[in-house]
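Student:
There are 2 protein chains.
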Amino acid sequence: MNIGIVGLGLIGGSIAKTIRKNTTHRIFGSDIQQSVVLKAKVMEAIDDELTQENIGACDLIILALYPDATIDFLRTHADAIKPGATVVDCCGIKKSVCDMAFPLAREKGFVFIGGHPMAGIERSGFAYSNNALFCNASMILVPDPLLNITVMDEVKKIFLAIGFAQVKISTPAEHDRIIAYTSQLAHIVSSTYIKSDTALSHPGFSAGSFKDMTRVATLHEGMWTELFIHNQKYLVAEIDSFIQRLQQYRDAIAAGDADTLRQLLKDGRERKDLVNSLELVPKV
Amino acid sequence: MNIGIVGLGLIGGSIAKTIRKNTTHRIFGSDIQQSVVLKAKVMEAIDDELTQENIGACDLIILALYPDATIDFLRTHADAIKPGATVVDCCGIKKSVCDMAFPLAREKGFVFIGGHPMAGIERSGFAYSNNALFCNASMILVPDPLLNITVMDEVKKIFLAIGFAQVKISTPAEHDRIIAYTSQLAHIVSSTYIKSDTALSHPGFSAGSFKDMTRVATLHEGMWTELFIHNQKYLVAEIDSFIQRLQQYRDAIAAGDADTLRQLLKDGRERKDLVNSLELVPKV
Chain A
19 MNIGIVGLGL IGGSIAKTIR KNTTHRIFGS DIQQSVVLKA KVMEAIDDEL TQENIGACDL
79 IILALYPDAT IDFLRTHADA IKPGATVVDC CGIKKSVCDM AFPLAREKGF VFIGGHPMAG
139 IERSGFAYSN NALFCNASMI LVPDPLLNIT VMDEVKKIFL AIGFAQVKIS TPAEHDRIIA
199 YTSQLAHIVS STYIKSDTAL SHPGFSAGSF KDMTRVATLH EGMWTELFIH NQKYLVAEID
259 SFIQRLQQYR DAIAAGDADT LRQLLKDGRE RKDLVNSLEL VPKV
Chain B
19 MNIGIVGLGL IGGSIAKTIR KNTTHRIFGS DIQQSVVLKA KVMEAIDDEL TQENIGACDL
79 IILALYPDAT IDFLRTHADA IKPGATVVDC CGIKKSVCDM AFPLAREKGF VFIGGHPMAG
139 IERSGFAYSN NALFCNASMI LVPDPLLNIT VMDEVKKIFL AIGFAQVKIS TPAEHDRIIA
199 YTSQLAHIVS STYIKSDTAL SHPGFSAGSF KDMTRVATLH EGMWTELFIH NQKYLVAEID
259 SFIQRLQQYR DAIAAGDADT LRQLLKDGRE RKDLVNSLEL VPKV
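Taken in sequence, the protein lines are chains A and B. Residue 161 in this note's numbering sits at position 143 of the first sequence, with consecutive numbering throughout. Residue 200 in this note's numbering sits at position 182 of the second sequence, with consecutive numbering throughout.
1. If you measure from the beta carbon of P190(A) to each beta carbon in chain B, is any gap under 9 Å?
2. Could you name each continuous alpha helix (DSSP H) segment of 4 residues or more that falls completely within the region 137 to 192 of chain B, going from the start of the chain to the end?
3. I'd like to know whether the C-beta atoms of S48(B) and L26(B) end up nearer to each other than 9 Å.
4. So E297(B) contacts chain A; which residues on that side make the cut at Cβ distance below 8 Å?
5. Check whether the Cβ atoms of T42(B) and A150(B) lie closer than 9 Å to each other.
6. Going straight from the alpha carbon of D97(B) to that of K126(B), what length do you get?
7. Assuming V207(B) and V207(A) make a contact with CB atoms under 8 Å, what is their CB distance in whole Å?
8. What residues in its chain sit with their C-beta under 8 Å from that of I33(A), if we drop five residues either side in the sequence?
9. Say whether chain B places a C-beta atom closer than 9 Å to the C-beta of I212(A).
10. Per DSSP, what kind of secondary structure is S214(A) in: helix, strand or coil?
11. Throw me the rounded Cβ distance for the V129(A) and V185(A) pair, which I believe falls under 8 Å.
12. State the Cα-Cα distance for the pair P221(B) and L296(A), rounded to the nearest angstrom.
13. Within a Cβ cutoff of 7 Å, which residues of the same chain sit near N40(B), ignoring the five residues on either side of it in sequence?
14. Distance cutoff 9 Å, beta carbons only. Does G240(A) sit that close to anything in chain B?
15. Could you tell me whether the Cβ of R124(A) comes closer than 9 Å to any Cβ of chain B?
16. Taking C-alpha atoms, which residue in G240(B), G286(B) and A145(B) lies nearest to S209(A)?
17. How would you list, in chain order, the residues of chain E whose beta-carbon sits under 8 Å from the beta-carbon of I257(B)?
18. I'd like to know whether the C-beta of D285(A) is nearer than 9 Å to at least one C-beta of chain B.
19. Do you know offhand how far R38(A)'s Cα is from A183(A)'s?
20. Can you name the residues of chain B whose CB is closer than 9 Å to the CB of G274(A)?
21. Whose C-beta lies closer than 6 Å to the C-beta of A314(B) among residues of the same chain, with five residues either side of it excluded?
22. Starting from the C-beta of Q281(B), find all residues in its chain whose C-beta is less than 7 Å away, skip the five residues before and the five after it, and write them out in chain order.
23. In this structure, does DSSP put H238(B) in helix, strand or coil?
24. How would you call P101(B), buried or exposed, if buried means at least 16 neighbouring beta carbons within 10 angstroms?
25. So, is Q262(A) buried or exposed, given that buried needs 16 or more other C-beta atoms within 10 angstroms?
26. To the nearest angstrom, how far is the alpha carbon of A75(B) from that of V105(B)?
27. Mind reading off the beta-carbon distance from I21(A) to I50(A)? Whole number of angstroms is fine, and I expect it under 8 Å.
28. Return yes when the Cβ of E244(B) is within less than 9 Å of the Cβ of A272(A), no when it is not.
29. If A198(A) sits next to Y252(A), beta carbons under 8 Å apart, how far is it from one beta carbon to the other, in whole angstroms?
30. Can you confirm whether V254(B), when its beta carbon is compared against all beta carbons of chain A, has any partner nearer than 9 Å?
31. T243(A) by DSSP, collapsed to three states: which one?
32. With a floor of 4 residues, list each alpha helix (DSSP H) that falls wholly inside the region 56 to 125 of chain A, ordered by position along the chain.
33. Compare the Cα-Cα distances from H112(B) to each of R141(B), R289(B), D162(B) and G274(B) and report the closest residue.
34. Beta-carbon separation of S259(A) and S214(B) under 9 Å?
35. Between which residues of its own chain and W242(B) is the CB-CB distance below 7 Å, once the five residues before and five after are set aside?
36. Indicate whether at least one CB of chain A lies closer than 9 Å to the CB of M170(B).
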């Protein structure tokens with residue numbers, strides 16, 4: 019199969035390297051930085067550059083771009099995509115991308131499936147990409163409700179073969195609602211956390227919990243700003259309910275109310291145990 | 019040297035095992051659970067039980083108890099401690115312990131130094147203790163301002179020899195102010211985070227940031243309730259300023275104000291880079 023990858027950053031680069039490791043597919047790649055394309059070719063992460071000429075030969079096109087750029091790319095290149103080919107994006111929000119891409123794909127005769135690889139690190143760029151990023155990761159796929167189930171099953175198998183541990187099928191709304199909490203809120207909390215002036219006095223006074231809490235504060239503000247703005251409704255709701263819950267701990271401490279505080283902490287511990295017990299069993 | 023350890027939980031047990039690995043000191047230990055003392059003895063983490071009879075033979079006594087139990091122990095056992103011996107506690111708050119222990123130690127003729135080993139995991143008890151817990155950890159020591167500097171230097175050397183990577187000297191107020199942020203707030207945020215109902219839908223939709231953010235929600239509510247209540251003033255101030263900062267992100271997202279949001283995230287990233295650059299260089 020010919021696979022085109024648009025955007026060779028952390029995610030696109032890691033997808034290329036993972037496909038290379040696990041399959042014999044032919045890989046074409048493009049990036050706004052020409053130096054990254056050359057580097058990817060020299061390092062054999064891709065076979066050749068993805069161009070306006072060979073994009074029509076690709077059976078699967080993976081878009082590893084920011085949300086706005088993903089939408090732009092689809093608008094600009096829809097006519098060059100082979101009828102029957104499958105296009106999957108990698109954006110951290112799905113509704114705004116799918117709302118535009120589903121009808122466009124139907125009109126042009128290709129298949130669009132929203133995607134979100136559930137892996138990442140607090141750094142960006144091809145330099146950080148690697149062929150183990152998706153080892154234990156879930157690939158979320160968000161199909162057009164009108165999509166033929168056989169096609170969907172084939173795409174699912176392709177992503178498992180590429181190297182994802184599991185494929186999770188979802189809808190744009192479900193995806194955006196859950197991701198607002200599991201990923202987006204975590205990045206906002208981390209960014210908020212690091213900004214106390216007390217952080218400057220941490221050396222010698224900190225251990226694992228501080229490190230874990232502040233790890234993803236090293237985020238790429240351009241990408242995350244787009245993701246947060248695209249997911250305004252669910253994200254604001256999660257922040258509001260987070261602040262409401264945090265205020266309960268604050269009030270119990272301020273009142274010296276040990277019984278209420280102990281109960282709040284106990285409820286959190288029990289909820290964490292429950293959440294841990296829910297880990298998804300990989301399904302192949 | 020004879021070292022007595024009171025409380026053989028995660029911290030006391032790990033201290034015993036670390037002393038055993040790195041030194042030839044004789045180790046006595048006690049615990050409210052007699053079965054733990056026997057287990058520690060069988061596993062050679064301690065040489066013998068610490069009793070009312072041999073506590074007077076200890077040159078160093080380490081109290082690995084909760085705050086209230088630490089204060090109780092000192093009140094009850096002060097007369098049995100050898101004059102000139104050093105007592106170090108391990109509580110996560112220092113002012114309430116030191117306020118009681120400094121004058122008591124002066125009166126009874128022993129040395130009391132507040133202590134806080136900066137290491138831990140989200141589990142408690144001797145079963146989780148190990149001789150590597152303090153490998154890269156700082157031991158915070160909070161001496162009585164009247165303490166002879168030579169004695170302080172000796173105690174510092176003992177803790178480095180035991181196996182801590184560094185010793186940080188502090189005051190009760192400085193310790194409690196910084197710990198409210200680096201450790202206590204992190205545990206409260208983690209406990210708050212896990213309680214969104216969305217957490218129950220996380221399987222397949224979560225990655226590293228969710229895992230890191232919620233790790234320490236598995237805390238021991240009894241211990242942390244004591245620590246939080248003892249550190250009310252600093253902790254409430256940190257929670258309030260955290261909520262205030264988080265509200266800025268929330269308002270920018272709700273207003274669809276990408277410029278402000280991007281700046282907030284950029285400030286966080288730059289602050290995180292600065293904080294990372296401040297890592298304490300171990301001093302021996």
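For glycine and all other residues, C-beta sits at the position ideal for the given N, C-alpha and C. All of these numbers come straight from a predicted model, not from anything done at the bench.
Tutor: The short version:
1. no
2. Runs found: 167 to 180.
3. yes
4. P221
5. In this structure, A150(B) does not lie closer than 9 Å to T42(B) by Cβ.
6. Their Cα atoms are separated by approximately 7 Å.
7. 6 Å
8. I23, I80, A82, C108, P135, F152 and I180
9. Yes, its Cβ sits closer than 9 Å to a Cβ of chain B.
10. Coil, per DSSP.
11. Contact doesn't hold; Cβ gap of about 16 Å is too wide.
12. 7 Å
13. A179, I180 and G181
14. yes
15. no
16. G286(B)
17. Annotation note: the requested chain E is absent from the structure, which comprises protein chains A and B.
18. Closer than 9 Å to some Cβ of chain B, the Cβ of D285(A) qualifies, so yes.
19. When rounded, the distance between both Cα atoms is 16 Å.
20. I247 and Q250
21. Beyond the ends of chain B as shown, which are 19 and 302, falls residue 314(B); an answer cannot be given.
22. none
23. coil
24. exposed
25. exposed
26. 13 Å
27. So it is not a contact: roughly 19 Å between Cβ atoms.
28. no
29. 4 Å
30. yes
31. Looking at T243(A) - three-state DSSP - the assignment turns out to be helix.
32. Counting only runs of 4 or more, we get 85 to 95.
33. His is not the amino acid found at residue 112(B); the sequence shown has Lys there. For the residues R141(B), R289(B), D162(B) and G274(B), the minimum Cα distance to K112(B) belongs to D162(B).
34. In this structure, S214(B) lies closer than 9 Å to S259(A) by Cβ.
35. H205
36. no
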